[in-house]
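Here the protein sequences line up with chains H and B, keeping their order. For the first sequence, our numbering gives the first residue as 378, with consecutive numbering after it. For the second sequence, our numbering gives the first residue as 580, with consecutive numbering after it. The beta carbon of each residue, even a glycine, is placed where N, CA and C say it ideally should be.
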Amino acid sequence: QLDRGCALHTAARDGLSSVSSQHVPAEKPRAVFHTSESDPAKHTEQHEGRLYNIPLEEVKAVFPHGLPYRFQQQIQTFNEARVMVRRPALELLTYLKGSNFAHPAVRYVIYGERGTGKTMTLCHVVHYCSRQGWLVLHIPDAHLWVKNCKELLQSSYKKDRLDQPLQASVWLKNFKSSNERFLQEIKTQKKYMWGKQESTEEGRPLGEVVEQGLARVRSASDAMGVVLKEIKQQSHRGSFRLLVAVDGVNALWGRTSLRKEDKSPVSPEELTLVHNLRKMVRNDWSGGAIVTTLSQTGSLFKPSSAYTPQELLGKEGFDTLDPFVPIPVPNYSPREFESCYGYYLERKWLQHEKAHTEDGKAELQFLSGSNPRQLDRLAGPL
Amino acid sequence: VCVPVTARALGDSPASLVPCRLMPVRWSRYNPSYLEPEVKTESYQKPLEELTEEEKEQMELKAVRPIKAAPPTISSSVFSDPMISKFINMMMKSGNKVLARSLMSQTLEAIKRKQLEKYHKAPENEKETIECNPYVIFHQALKNCQPIIGLSNITRGGKTYQVPVPLTDNRKRFLAMKWLITECRENKHRRTMMPEKLSQELLLAFNNEGPVVKKKHILHKMAEANRAYAHFRWW
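Here is the structure:
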């Protein structure tokens, strides 16, 4: 693996291919932290701490939403998307490879302190599943559905529920762009009425339901509910595997900061999107897996020191998600830190002269506490 | 401004034994026996044999003399830069140093991103000409904005004349930083963030373009035009 990574590394560099043998020994120690294996299915413990490349077209296809903002900026600056292979992600991948899809879906909850890489672990798993050809239901941040909503419509389907047309239409658009071929294959099993005139017949492809939701923004939340229901009912047949990836699942049980017109607070059950998503996260279906992440950063009314599932989910959420497989994500190990530091140096992200010295590296490690987010924020101005 | 000292004021004076009757109130003054603190960690890591005679004497002196308190603005971090600290202090409003520092770090990051994008898109022969280090760009931009000669108002016979006058280094640095900050605060769109505008201005000043360098040139031209009054200066 080392030689393969090194060779591809030197081949990919412009201008160095002419100067061959003298530079190869100098390149080798720097290229240790790269790996040429860009298929997550083949990642093993050997690749732990190394960064693998995702081609940019694949990034646009697999992740229309869901990557953290700072990572998107990094992709644009470095012109490449490099994700570190870490132990929690490898663990999750082994569980997914060995799981029996005839049994009910297993729930995995990724938790950890702030900025340790939970969302990136989720994205790694999503990339693996999309490479394997699964249908990926990726909700980038459930917290966006329970706060800062400009338009709340009363649902036409159920009287006491509230619709969120904007959030639903944005999600439907991203879902359509990442899962095109499944929308043609999966057929509806029931007739659905959208208002008085429009309806979708039985046996039509799901793509039509999504088009309906995008065309008529008022019924976008109901369209999303229909899509989720159909996918869940048909997943046990085995024609496709389903991955439900939710980031910030603790938003589904808790409080919202939204208010109705009479200024009374809205509880999460009254929102159509949250109600439908809760049904997806229950383990009464088979033929796939549910991978979720807890997040304190966007959460409402939770103290900033809370990171465990018990604290963030609350009693109701914990009882609903129980039993689940908890996957803790720690800060960088010394090897992972070396690899991240080396990558920044190689991409010329650390420009300060002192950052290249041992003192600078020790200072960065101390100040960031090996926390990935802090390291990224510190290395920004340097 | 000095205040006639009473017995009580002498008691709460900060760590000094000033025998004079009048005590300066605005800047605290240490007894001359107090030594400056040494912040750089490199000087403490040298083994005993490598020290020169003067350094050994200095070390012995430090064992007996009291040392002033280190101000909170200097740090022993290898990444600290006094010029950047000065700039942050000038950007600070109503003591909000946290905000000023974060704005500065966002500015440096923005400069780095813009330059790195240009670097990665440029062809091979142009890559060396593109400077990506935000600190180098910042220092060069400030140097390019510093005026060489200034104007001062001198009144002779009832009329005030603008007289060309040499500037000290501190005054030059101050003027450069002040012009940059006022330019970024005033001439920008309501919705543009300060880091974005500042990074733009710094990159323009690095290339000797932009409104701040233009202001410096206008000042030089005014000084050149008023050369006749240079003899009014008596210092």
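- When the five nearest sequence neighbours on each side are left out, the beta carbons in the same chain lying within less than 7 Å of the beta carbon of LYS738/H are those of TYR718, in order along the chain.
- LEU469/H is not a Cβ neighbour of HIS420/H, given a cutoff of 8 Å.
- HIS480/H is classed as exposed because its beta carbon has fewer than 16 other beta carbons within 10 Å across all chains shown.
- Nearest CB-CB separation between PRO713/B and chain H: below the 8 Å threshold.
- Here THR577/H is buried. Its C-beta has 16 or more other C-beta atoms within 10 Å.
- A straight-line Cα-Cα distance of about 37 Å links ASN556/H and SER682/H.
- Taking 8 Å as the threshold, the shortest C-beta distance from LYS738/H to chain B does not fall below it.
- For TYR429/H and ALA600/H, the gap between their C-alpha atoms comes out near 37 Å.
- 8 Å or more divides the Cβ of ILE690/B from the Cβ of PRO661/B.
- DSSP places THR670/H within a strand segment (E or B) once states are collapsed to three.
- In this structure, the alpha-carbon of PHE811/B lies about 11 Å from that of THR739/B.
- Any Cβ of chain B closer than 8 Å to the Cβ of HIS729/H would place that residue at the interface, and such an atom is present.
- For the set SER656/B, GLN725/B, PRO726/B, ARG644/B, the Cα lying nearest the Cα of TYR613/B is the one of ARG644/B.
- Between SER607/B and chain H, the shortest Cβ-Cβ separation is not below 8 Å.
- Not flagged as an interface residue toward chain B: LEU620/H, since no C-beta distance is shorter than 8 Å.
- Within the region 751-805 of chain B, the alpha helix (DSSP H) runs of at least 4 residues that lie entirely inside it are, in chain order, 773-785, 790-804.
- Under the rule that a run must span 3 or more residues, the beta strand (DSSP E) segments found entirely inside the region 655-711 of chain H read 665-670, 702-705.
- In this chain, the alpha helix (DSSP H) harbouring ARG558/H covers 557-562.
- Look at SER664/B: its C-beta is not under 8 Å from any C-beta on chain H.
- Look at the beta carbons and you see the region 530-543 of chain H touching the region 648-667 of chain H: at least three pairs across the two are nearer than 8 Å.
- Chain-order list of chain B residues neighbouring ASN456/H: GLU696, HIS699, LYS700, by C-beta distance under 9 Å.
- In the DSSP assignment, SER684/B falls within the alpha helix (DSSP H) that extends over 676-700.
- VAL702/H and GLY665/H have their C-alpha atoms some 15 Å from each other.
- When beta bridges are read from the DSSP output, THR739/B appears opposite THR734/B.
- Here the alpha carbons of ILE727/B and ASN805/B stand approximately 15 Å from one another.
- The beta carbons of VAL658/H and VAL623/H sit closer together than 8 Å.
- Spanning the alpha carbons of SER747/H and GLU633/B requires a straight line of approximately 41 Å.
- For SER655/B, DSSP assigns no beta-bridge partner whatsoever.
- At a cut-off of 8 Å between C-beta atoms, GLY757/H counts as an interface residue with respect to chain B.
- From the beta-carbon of LEU687/B, the residues of chain H found nearer than 7 Å are PRO758.
- Here PHE678/H is near ARG632/H, since their CB atoms are less than 8 Å apart.
- Within chain H, the C-beta atoms nearer than 8 Å to that of PHE658/B come from HIS729, LYS731, ALA732, GLY737, GLU740, LEU759, in chain order.
- Below the 7 Å Cβ cutoff, chain B contributes LEU695, CYS711 as neighbours of LYS725/H, in chain order.
- Excluding residues up to 5 positions away in sequence, LEU467 lie with their Cβ nearer than 7 Å to the Cβ of GLU422/H in the same chain.
- Residue-level contact by beta carbon fails for LYS625/B and chain H, as no gap is shorter than 8 Å.
- Cβ neighbours of GLY494/H within its own chain (closer than 7 Å, five residues either side excluded): ARG463, VAL706, PRO749.
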